[in-house]
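Notes to accompany the following structure.
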Amino acid sequence: MRRGILTVWILSGLLLGTASAETVRRFPPPQFETDYVMPTATEPPPRAALWDTLDSAVLLGTLLLAVWLIFFKRRRSWIVALMIFSVLYFGFWRKGCVCPIGAIGNVTVSLFDSGYALPLVVLVFFLLPLGIGLFYGRVFCGAVCPLGAIQDLVVLRPQPVPEWLETALRLGAWLYLSLSVLFAATGSGLLICRYDPFIAFFRLSSNSSLLILGILFLGVGVFIGRPYCRFVCPYGLLLRQAGRLSRRHVTITPDECIHCRLCEEACPFGAIHAPTAPWPEKTLARDRRRLVFLFVLLLFLIAAGGWIGYRLHPLLARANPTVALADQVQSMEAGLRSEPTDEIRAFRTTGQSDEALYAQRDEILSSFALGGTLVGMFMALVAGVKLIAVSVRRVRVDYEADRAGCLACGRCFAYCPRQRLRDNPAERTVSNTSLQKEAANA
Amino acid sequence: MNNKPNQLSRRQLLREGFWTVSITAAGAAAAVLAARSRRPSMVWQIDPFKCIGCGRCATHCVLSESAVKCVHAYSMCGYCDLCTGYFDPDPKALDTGAEHQLCPTGAIRRRFVEEPYFEFTIDESRCIGCGKCVVGCAAFGNGSLFLQVRHDRCLNCNECAIARACPSQAFVRVPADRPYLMKDQR
Ligand code: SF4
Ligand code: SF4
Ligand code: SF4
Ligand code: SF4
Ligand code: SF4
Numbered sequence: 009m010r011r012g013i014l015t016v017w018i019l020s021g022l023l024l025g026t027a028s029a030e031t032v033r034r035f036p037p038p039q040f041e042t043d044y045v046m047p048t049a050t051e052p053p054p055r056a057a058l059w060d061t062l063d064s065a066v067l068l069g070t071l072l073l074a075v076w077l078i079f080f081k082r083r084r085s086w087i088v089a090l091m092i093f094s095v096l097y098f099g100f101w102r103k104g105c106v107c108p109i110g111a112i113g114n115v116t117v118s119l120f121d122s123g124y125a126l127p128l129v130v131l132v133f134f135l136l137p138l139g140i141g142l143f144y145g146r147v148f149c150g151a152v153c154p155l156g157a158i159q160d161l162v163v164l165r166p167q168p169v170p171e172w173l174e175t176a177l178r179l180g181a182w183l184y185l186s187l188s189v190l191f192a193a194t195g196s197g198l199l200i201c202r203y204d205p206f207i208a209f210f211r212l213s214s215n216s217s218l219l220i221l222g223i224l225f226l227g228v229g230v231f232i233g234r235p236y237c238r239f240v241c242p243y244g245l246l247l248r249q250a251g252r253l254s255r256r257h258v259t260i261t262p263d264e265c266i267h268c269r270l271c272e273e274a275c276p277f278g279a280i281h282a283p284t285a286p287w288p289e290k291t292l293a294r295d296r297r298r299l300v301f302l303f304v305l306l307l308f309l310i311a312a313g314g315w316i317g318y319r320l321h322p323l324l325a326r327a328n329p330t331v332a333l334a335d336q337v338q339s340m341e342a343g344l345r346s347e348p349t350d351e352i353r354a355f356r357t358t359g360q361s362d363e364a365l366y367a368q369r370d371e372i373l374s375s376f377a378l379g380g381t382l383v384g385m386f387m388a389l390v391a392g393v394k395l396i397a398v399s400v401r402r403v404r405v406d407y408e409a410d411r412a413g414c415l416a417c418g419r420c421f422a423y424c425p426r427q428r429l430r431d432n433p434a435e436r437t438v439s440n441t442s443l444q445k446e447a448a449n450a
Numbered sequence: 025m026n027n028k029p030n031q032l033s034r035r036q037l038l039r040e041g042f043w044t045v046s047i048t049a050a051g052a053a054a055a056v057l058a059a060r061s062r063r064p065s066m067v068w069q070i071d072p073f074k075c076i077g078c079g080r081c082a083t084h085c086v087l088s089e090s091a092v093k094c095v096h097a098y099s100m101c102g103y104c105d106l107c108t109g110y111f112d113p114d115p116k117a118l119d120t121g122a123e124h125q126l127c128p129t130g131a132i133r134r135r136f137v138e139e140p141y142f143e144f145t146i147d148e149s150r151c152i153g154c155g156k157c158v159v160g161c162a163a164f165g166n167g168s169l170f171l172q173v174r175h176d177r178c179l180n181c182n183e184c185a186i187a188r189a190c191p192s193q194a195f196v197r198v199p200a201d202r203p204y205l206m207k208d209q210r
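Just so you know, the sequences run in chain order V and E.
What the first sequence shows, in this note's numbering, is residues 9 to 450, in sequence order.
What the second sequence shows, in this note's numbering, is residues 25 to 210, in sequence order.
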């Protein structure tokens with residue numbers, strides 16, 4: 009009997025309405041005769057805003073501490089301790105969110121979408137490391153960034169990467185940065201957060217593709233120091249520029265470089281540059297000619313880049329959910345698809361017309377056309393400027409940490425004999441006595 | 025030490041200029057963006073009127089056990105004996121046997137209230153947010169079962185992984201002081 013009723017209900021349900029999201033009051037609310045009290049659904053609140061303030065305070069505190077450790081204390085072991093704290097706090101405790109790298113996406117969205125309110129904590133996370141970077145370089149990368157720190161802790165067998173390869177691979181990071189900005193600006197998603205390689209660790213998640221990405225980066229990171237930082241991280245690129253301009257820089261030696269060459273191999277990230285050989289004067293005219301040629305080439309490169317970017321924009325636009333939906337609906341209408349996807353089914357319940365959807369798509373496509381062109385031109389500009397930078401003469405008299413590339417990890421400090429003497433004045437006496445002994449033996 | 029004083033100072037001048045420009049730019053950006061950034065911050069929520077119960081909420085959250093759970097709007101419920109959100113479309117018997125239930129984890133509790141009414145509550149510790157009951161309830165019932173991001177679990181990811189996968193674009197950002205879109209409160 010009851011099954012009969014159920015069938016009738018199901019039939020009436022089919023007659024009354026579709027499975028649309030619209031609420032249908034098919035059955036009147038009951039009139040209870042007992043003193044039954046209708047419960048209400050609970051609404052557990054989100055994390056209190058106070059925590060955001062705490063996060064900002066911890067960021068400021070760790071950054072200042074990092075400045076002190078890297079510039080004044082100059083002890084790698086202390087820096088490592090701070091790194092571990094950062095991995096624990098910003099990584100595992102705060103689950104890797106909010107971070108300045110992903111904040112690039114939020115900041116972009118807030119610039120292009122007036123309906124989006126940028127949380128203050130995100131703004132603080134985006135600007136603070138850059139602001140401190142203008143004074144002290146990449147101290148954020150040195151001991152505060154959880155992504156950098158987790159990679160730094162696995163650098164066990166670092167192999168040198170040739171400088172040309174390092175520069176070329178960094179173009180990938182520039183591409184990633186510009187695509188992230190393009191996607192965020194067109195409302196197509198936050199790429200950086202999507203492909204954050206260590207999020208699976210920080211959240212103890214079992215999402216297999218994220219886990220594989222994380223393991224891959226850490227595995228490679230054993231041999232190639234901090235691969236995400238050097239070849240992927242878009243925020244690192246911004247910090248590189250801050251590092252170039254910064255008031256103070258990490259110095260390998262606490263005093264004057266004595267050209268002992270002991271630190272030459274110390275940096276696992278290839279950020280230590282040897283002094284330059286004197287530049288041969290007679291090539292000056294040739295250098296000038298080459299520079300002019302490169303500037304002309306740059307113009308051509310930019311034009312070509314813009315063209316490629318324009319050609320690729322329909323492909324890029326597919327990442328936008330509205331564009332993807334419109335394509336699906338269109339292929340459905342054209343009879344190329346027999347089964348409607350979930351997306352099409354959901355779209356049908358909204359009652360929006362196909363034409364309105366196509367118009368929306370065209371609008372997004374035109375912003376992708378502009379954005380794609382700009383990305384192409386920008387990438388060409390970056391590549392061109394790198395080419396020019398190679399040809400510009402640099403004068404270095406001492407062993408120096410590269411202002412842009414140094415991640416302020418503090419490894420090289422202990423390689424410098426001057427630093428060792430500072431840390432441990434006893435070493436001077438030891439070496440003196442052993443020298444005297446040697447002399448006596450001879 | 026520097027044999028090219030001229031060149032070096034030019035470079036220094038350039039750097040000095042860039043430095044001033046960037047610190048001003050950073051300050052200006054901070055001011056503009058801070059003026060535009062409102063409190064309270066935003067959190068993710070599902071618009072239950074858009075959701076079609078596709079099932080991706082159960083599988084796409086970054087958490088292994090999704091932060092999305094089923095919520096019951098009791099005031100909308102018909103307290104039906106034959107709940108199509110509770111029972112499998114073709115149940116062998118109308119009792120609480122697991123094999124008759126729609127919910128794969130048996131997260132819905134069915135309790136007799138008075139003739140002929142039954143109360144249905146969600147055991148959140150069991151619900152995986154698959155939306156099967158939501159579809160069942162919306163199809164033949166009042167649609168009082170719906171999915172919500174539960175903020176005691178949600179990490180408020182910058183880009184919600186389900187929002188990206190949601191076919192109905194049902195995920196929206198809502199102010200953190202009103203973090204739920206309850207179906208019976210609108
Ligand atoms: S380069 Fe990027 S990932 Fe690496 S430490 Fe710096 S901000 Fe973090
Ligand atoms: S402090 Fe800079 S130069 Fe020294 S080892 Fe670390 S990254 Fe290399
Ligand atoms: S992914 Fe979207 S449509 Fe699917 S169940 Fe979740 S909210 Fe509903
Ligand atoms: S059917 Fe799915 S959404 Fe509904 S209560 Fe069970 S697990 Fe939760
Ligand atoms: S914001 Fe993150 S934790 Fe919350 S529902 Fe989305 S994916 Fe899950």
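Glycine included, each C-beta is placed from N, C-alpha and C at the ideal position.
Please work out which residues of its chain come closer than 7 Å, Cβ to Cβ, to residue i, disregarding the five sequence neighbours upstream and downstream, and give them in chain order.
i: Gly153(E); result: Cys81, Ala82, Ser90, Val92, Lys93, Cys94 and Leu171
i: Ala274(V); result: Ile280, Arg419, Cys420 and Tyr423
i: Ser188(V); result: Ile112, Gly113, Leu199, Ile200 and Pro242
i: Arg134(E); result: Tyr110, Thr120, Phe142 and Phe144
i: Asp295(V); result: Ser399
i: Gly102(E); result: Gly165 and Asn166
i: Pro54(V); result: none
i: Thr175(V); result: Lys394
In this structure, does DSSP put residue i in helix, strand or coil?
i: Arg197(E); result: strand
i: Phe191(V); result: helix
i: Glu138(E); result: strand
i: Val452(V); result: Residue 452(V) cannot be examined here, being either before or after the span of chain V that is shown, 9 to 450.
i: Lys394(V); result: helix
i: Gln360(V); result: coil
i: Ala409(V); result: strand
i: Leu307(V); result: helix
i: Leu171(E); result: strand
i: Phe35(V); result: coil
i: His267(V); result: coil
i: Arg146(V); result: coil
i: Phe40(V); result: coil
i: Thr284(V); result: coil
i: Arg133(E); result: strand
i: Thr145(E); result: strand
i: Val95(E); result: strand
When we look at the beta-carbon of residue i and count the other beta-carbons within 10 Å, is it buried (16 or more) or exposed?
i: Gln125(E); result: buried
i: Lys215(E); result: Not covered by the structure: residue 215(E). The range shown for chain E is 25 to 210.
i: Gln39(V); result: exposed
i: Ile266(V); result: exposed
i: Ala24(E); result: Limits of chain E in this structure are 25 at one end and 210 at the other, which puts residue 24(E) out of reach.
i: Arg319(V); result: exposed
i: Asp362(V); result: exposed
i: Glu171(V); result: exposed
i: Ile223(V); result: exposed
i: Pro137(V); result: buried
i: Cys127(E); result: buried
Tell me which same chain residues have a C-beta within less than 8 Å of the C-beta of residue i, skipping the five on either side of it?
i: Asp71(E); result: Ala194, Phe195, Val196 and Leu205
i: Leu118(E); result: Asp105, Leu106, Phe111 and His124
i: Ala200(E); result: Pro64, Ser65, Met66 and Val67
i: Ala377(V); result: Tyr318 and His321
Only counting the same chain, and skipping five residues up and downstream in sequence, which positions put a Cβ closer than 6 Å to that of residue i?
i: Gly110(V); result: Ile200 and Cys201
i: Glu30(V); result: Reliability of the predicted coordinates at Glu30(V) is poor, the pLDDT of 48 falling under 50, and no value is obtained from them.
i: Ser414(V); result: For clarity, residue 414(V) is Cys in the given sequence; the question names Ser instead. Contacts found: Val258 and Ala279.
Please write down, chain order preserved, every residue whose beta carbon lies under 5 Å from a heavy atom of ligand 1. Cys149(V), Cys153(V), Leu155(V), Gly156(V), Cys237(V), Cys241(V), Tyr243(V) and Gly244(V)
Could you run through the region 77–89 of chain E and flag, in chain order, every residue whose CB is less than 7 Å away from some CB of chain V? Cys78, Val86, Leu87 and Ser88
Taking beta-carbon pairs under 9 Å, can you tell me which members of the region 32–54 of chain V lie near chain E? Val32, Arg33, Arg34, Phe35, Pro36, Pro37, Pro38, Phe40, Glu41, Thr42, Tyr44, Met46, Pro47, Thr48, Ala49, Thr50, Glu51, Pro52, Pro53 and Pro54
Short-range partners of chain E found in the region 327–351 of chain V, where Cβ spacing is below 9 Å: Cβ contacts with chain E: Pro329, Thr330, Leu333, Thr349, Asp350 and Glu351.
Of the residues that make up the region 97–108 of chain V, which ones have a beta carbon closer than 8 Å to any beta carbon in chain E? Lys103, Cys105 and Val106
What residues come near ligand 5, if near means a beta carbon less than 6 Å from any of its heavy atoms? For ligand 5, the selected residues are Trp68(E), Cys85(E), Val86(E), Leu87(E), Ala91(E), Val92(E), Val173(E), Cys178(E), Leu179(E), Asn180(E), Cys181(E), Cys184(E), Ala185(E) and Ile186(E).
Short-range partners of chain V found in the region 36–52 of chain E, where Cβ spacing is below 8 Å: Arg39, Phe42, Trp43, Ser46, Ile47 and Ala50
Compile a chain-ordered list of the residues in the region 213–236 of chain V whose CB is closer than 8 Å to at least one CB of chain E. Ser213, Ser214, Asn215 and Leu218
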